[in-house]
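S.K.:
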């Protein structure tokens, strides 16, 4: 997914660095130009004490810049108002890049306390700009007179987005409503941060410690070794430690023969944020949903979903529900077929029980082996992490001619991170710098995402390259071993790399036109996933990690044949979460006795969701929507999947999945122009037609 960090006017930032409170009174690196290679943040020089002064000064500087624009005695023009505003806040952006990444990959109590302290300050700062009457009058003057200005397409889009951003920020409200909006914005900001912090604490709090070797029965040796290493780091040498981080909990559920232990870790996973303790998120969610609704209605929208979708491709909630419901029915049919297979496996083993949620992955693996003679553990040895990364680089080179070269002696956001210089097909032009941070850590947010340390723009007439980061949560291998990925994890590498390509290829002149609608942003990432298990690509990167043997054709055939098996579960759990997200944000009122658990239960049972499949994210750990970023927008993945499946068809129709003419068109129409064009226009420019849902249904085996 694309990352969302602390909000800054007209944008958001994401970056990171090791936290260190040592070195008091050291020069603040945010107050001078970075002198590092490519101008990346000097991670080794940034200390915790540097953040707050830089934020305060950054807000002060941008406030002065905005005041200068608002009170400019000259007539408002595109350059002295719109462009100058777009370019304001350089220091604030600079520190926000570093801090929001720090908070996401290496947080601690000090970072979290500072997040809470900064949240209302940043909210007020943003509102001070968006609700500045003099500034808005100048923006409106330029907007109303744009026909006289001879603006190009990119300039028109920047003007349109700037004007709309201020209107959506409350510029047209009266003083009383603006005061209410300020208060509700602060509330939303604080609650979203609280939700995320509670979730991380809940995830880190649970430990399944195993001290009997027989309880490890069924688990892969690599997972056992990682668990032993994790236990040793936690001061439990000689034992095995499993956590609620996905690389630990998911394979445990998939392979552990001990059913009672599967039940224990499964229940802990789905109850995060719902344990009635200091980190419980139910009340946070209740307040957050109510605050969002209040904001939307203050701005003239019937509900928060209407407010959020106003800028998306979907446009309104009816279109979202139509797509989700269209896929829900065939997905649920497939899920029930898979459940029958799972119960058959239980019976085959002599079990006298019906499958529960903690049985699904375990018995599904057995059913898959029965049907296709394929065990995922056969595949893992061929999916060594660095080889998978090189596979993604290979695909990009074949499609676009670009290269990635490791960078040495460059500051890193974390010692485990890797850095690469991306050069264009001419071998000379640097497109940007890419960081890759692969391993899970206690201070790291869950999931995988792509963010940045600097956005692409133009400076003194020259393209300023982006500094991009992709972040993952794979299990760090034990000493002397290599990181072997699951098929899903390999796909995740390609996914986030697709986001990175979008950022690296960006070529816009203004920050305000860089970001595309939320339900379009997953197209570049998801389309890359299609190459992950193409036989032609597997033969390049899927090599046995010890022998270097290329993956056998027989195993490739099994992967291809089994590829659509399991899509009932995968599609249903995803759609359930998407529907839950929408259901919260189409509410027109929030009762005082609003019961989060009952609401979720009713939403799922009412659609016939089978009990063995919880939503991919239940409410109290649904970071995508409750933490912000994908609020009333989790549907975006499936909306974009309609596009990416149709886009991949454009390659397959030529008989060449590396067709460079199609790739060149995809780059120029989709990856490069930001949002200079409307999203539907961008897609039609590439494909020559609107996307068809049939490729998605075929790809998921639902048609």
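Residue numbers (the numbering used here): 1 to 703. A virtual CB, placed ideally from N, CA and C, is assigned to each residue, including glycine.
Among 467, 364, 676, 440, which has the Cα closest to the Cα of residue 450?
M.R.: What you label residue 450 is simply residue 450 of the chain shown in a count that begins at 1. The candidate whose alpha carbon is nearest that of residue 450 is 467.
S.K.: Going by DSSP in three states, residue 463 sits in which element: helix, strand or coil?
M.R.: Taking the chain shown and counting its residues from 1, the one referred to as residue 463 is at position 463. Looking at residue 463 - three-state DSSP - the assignment turns out to be strand.
S.K.: Please identify the residue among 645, 88, 82 whose C-alpha is closest to the C-alpha of residue 64.
M.R.: Counting from one through the chain shown, the residue named residue 64 turns up at place 64. Residue 64 has its Cα closest to that of 88, out of 645, 88, 82.
S.K.: CA-CA distance, residue 589 and residue 296?
M.R.: Numbered from 1 along the chain shown, position 589 holds the residue referred to as residue 589. Numbered from 1 along the chain shown, position 296 holds the residue referred to as residue 296. About 11 Å.
S.K.: Using C-beta distances below 7 Å, list every residue in its chain close to residue 491, excluding the 5 sequence neighbours before and after it, in chain order.
M.R.: By one-based count along the chain shown, residue 491 stands at place 491. Cβ neighbours of residue 491 beyond the five flanking positions: 529, 532.
S.K.: With a CB to CB cut of under 6 Å and the five nearest residues on each side skipped, what residues in its chain are close to residue 345?
M.R.: Residue 345 sits at position 345 when you count from the first residue of the chain shown. For residue 345, where only same-chain residues beyond five positions count, the Cβ hits under 6 Å are 363, 366, 367.
S.K.: Check residue 277 in the structure and name its three-state DSSP category.
M.R.: Against the chain shown, residue 277 aligns to sequence position 277. If DSSP states are grouped into helix, strand and coil, residue 277 belongs with coil.
S.K.: Please report how far the alpha carbon of residue 61 lies from the alpha carbon of residue 54, in whole angstroms.
M.R.: Against the chain shown, residue 61 aligns to sequence position 61. Against the chain shown, residue 54 aligns to sequence position 54. Whole-angstrom Cα-Cα distance: 10 Å.
S.K.: Would you call residue 598 buried or exposed, if buried means 16 or more other Cβ atoms sit within 10 Å of its Cβ?
M.R.: Along the chain shown, read from residue 1 onward, the residue named residue 598 stands at position 598. Answer is exposed; the Cβ neighbour count stays below 16.
S.K.: Can you tell me which of the three DSSP states residue 472 falls into?
M.R.: For the purposes of this step, residue 472 is identified with residue 472 of the chain shown, where counting begins at 1. DSSP places residue 472 in strand when its eight states are reduced to three.
S.K.: Checking the sheet assignment: what are the DSSP bridge partners for residue 454?
M.R.: The residue given as residue 454 occupies position 454 in the chain shown. Its beta-bridge partners are 467.
S.K.: Give me the DSSP bridge partner(s) of residue 209.
M.R.: Stepping through the chain shown from its first residue, residue 209 is reached at position 209. Residue 209 is bridged to 241.
S.K.: Which parts of the segment 158–209 are runs of the alpha helix (DSSP H), unbroken and 4 residues or longer, counting only runs that do not cross its ends?
M.R.: Fully enclosed alpha helix (DSSP H) runs of 4 or longer: 175–205.
S.K.: Between the segment 191–208 and the segment 454–473, can you find at least three pairs of beta-carbon atoms closer than 8 Å?
M.R.: No, because fewer than three Cβ pairs between the segment 454–473 and the segment 191–208 fall closer than 8 Å, the two stretches do not touch.
S.K.: Do three or more CB pairs link the segment 471–482 to the segment 136–146 at distances below 8 Å?
M.R.: With a cut-off of 8 Å, the segment 136–146 and the segment 471–482 do not count as touching, because too few Cβ pairs lie within range.
S.K.: Excluding the five sequence neighbours on either side, which residues of its own chain have a C-beta within less than 6 Å of the C-beta of residue 227, listed in chain order?
M.R.: Counted from its first residue, the chain shown places residue 227 at position 227. Correct list, in chain order: 240, 241, 242.
S.K.: Our contact map puts residue 545 next to residue 587 with C-beta atoms below 8 Å; I'd like the distance itself, whole angstroms only.
M.R.: As a position in the chain shown, residue 545 is number 545, starting the count at 1. As a position in the chain shown, residue 587 is number 587, starting the count at 1. In fact, because the Cβ distance is near 50 Å, the residues do not count as touching under 8 Å.
S.K.: Could you name the residues of the same chain whose beta carbon sits closer than 8 Å to that of residue 613, not counting the 5 residues immediately before and after it, in chain order?
M.R.: The residue labelled residue 613 in the question sits at position 613 within the chain shown. Within the same chain, residue 613 has close Cβ partners 335, 357, 360, 569, 572, 573, 576.
S.K.: Please report the distance separating the alpha-carbon of residue 283 from that of residue 495.
M.R.: Here residue 283 is taken as the residue at index 283 of the chain shown, counted from 1. Here residue 495 is taken as the residue at index 495 of the chain shown, counted from 1. If you take the alpha carbons of residue 283 and residue 495, they lie about 34 Å apart.
S.K.: Would you give the residue range spanned by the beta strand (DSSP E) that residue 423 belongs to?
M.R.: As a first step, residue 423 must be located in the chain shown, where it is residue number 423. Per DSSP, residue 423 belongs to the beta strand (DSSP E) from 418–423.
S.K.: When the distance is taken between beta carbons, is residue 493 closer than 8 Å to residue 392?
M.R.: Looking up residue 392 in the chain shown gives position 392. Looking up residue 493 in the chain shown gives position 493. Yes, the pair counts as a contact, with Cβ atoms nearer than the cut-off.
S.K.: How would you write the range of the alpha helix (DSSP H) that residue 59 sits in, first residue to last?
M.R.: The sequence position of residue 59 within the chain shown is 59, counting from 1. 48–70 is the span of the alpha helix (DSSP H), which, as asked, contains residue 59.
S.K.: Out of 170, 156, 273, which has the shortest C-alpha to C-alpha gap to residue 201?
M.R.: The count along the chain shown starts at 1 and reaches residue 201 at position 201. The shortest C-alpha separation from residue 201 is found at 273.
S.K.: According to DSSP, residue 432 sits in a beta bridge with which residue or residues?
M.R.: Taking the chain shown and counting its residues from 1, the one referred to as residue 432 is at position 432. In DSSP, residue 432 forms a bridge with 422.
S.K.: Name, in chain order, the residues that DSSP records as bridge partners for residue 484.
M.R.: Within the chain shown, residue 484 is the residue found at index 484, counting from 1. For residue 484, which the question treats as bridged, DSSP gives the partners 384.
S.K.: Taking C-beta to C-beta, are residue 603 and residue 583 nearer than 8 Å?
M.R.: Stepping through the chain shown from its first residue, residue 603 is reached at position 603. Stepping through the chain shown from its first residue, residue 583 is reached at position 583. Yes, the pair counts as a contact, with Cβ atoms nearer than the cut-off.
S.K.: Roughly how many angstroms lie between the CA atoms of residue 566 and residue 36, to the nearest whole one?
M.R.: Translated into the one-based positions of the chain shown, residue 566 becomes position 566. Translated into the one-based positions of the chain shown, residue 36 becomes position 36. When rounded, the distance between both Cα atoms is 47 Å.
S.K.: Looking at the structure shown, is residue 406 part of a helix, part of a strand, or coil, going by DSSP?
M.R.: Against the chain shown, residue 406 aligns to sequence position 406. DSSP places residue 406 in strand when its eight states are reduced to three.
S.K.: Would you check if the segment 681–699 and the segment 636–652 touch, i.e. whether three or more CB-CB distances between them fall below 8 Å?
M.R.: Touching, per the Cβ criterion.
S.K.: Under 8 Å, with one C-beta from each stretch per pair, do the segment 43–57 and the segment 441–448 reach the 3-pair mark?
M.R.: Because the criterion of three Cβ pairs below 8 Å is not met, the segment 43–57 and the segment 441–448 do not touch.
S.K.: Which of helix, strand or coil does DSSP assign to residue 438?
M.R.: Counted from its first residue, the chain shown places residue 438 at position 438. DSSP places residue 438 in strand when its eight states are reduced to three.
S.K.: Whose C-alpha, out of 298, 383, 237, is nearest the C-alpha of residue 540?
M.R.: For the purposes of this step, residue 540 is taken as the residue at position 540 of the chain shown. Closest option to residue 540, Cα to Cα, is 383.
S.K.: Please say whether residue 181 and residue 510 have beta carbons closer to each other than 8 Å?
M.R.: Walking along the chain shown from the start, residue 510 turns up at place 510. Walking along the chain shown from the start, residue 181 turns up at place 181. Cβ atoms of residue 510 and residue 181: not closer than 8 Å.
S.K.: Between residue 119 and the rest of its own chain, which residues show a CB-CB distance below 7 Å, the 5 nearest in sequence each way excluded?
M.R.: What you label residue 119 is simply residue 119 of the chain shown in a count that begins at 1. Closer than 7 Å at Cβ, skipping near neighbours: 189, 190, 193.
S.K.: Enumerate in chain order the residues of its own chain whose CB-to-CB distance from residue 685 is below 6 Å, with the five nearest sequence positions on each side excluded.
M.R.: Position 685 of the chain shown, counted from the start, is the residue given in the question as residue 685. Around residue 685: 669.
S.K.: Counting pairs of Cβ atoms below 8 Å between the segment 610–629 and the segment 655–665, do you hit three or more?
M.R.: With the cut-off at 8 Å, the segment 610–629 and the segment 655–665 do not touch.
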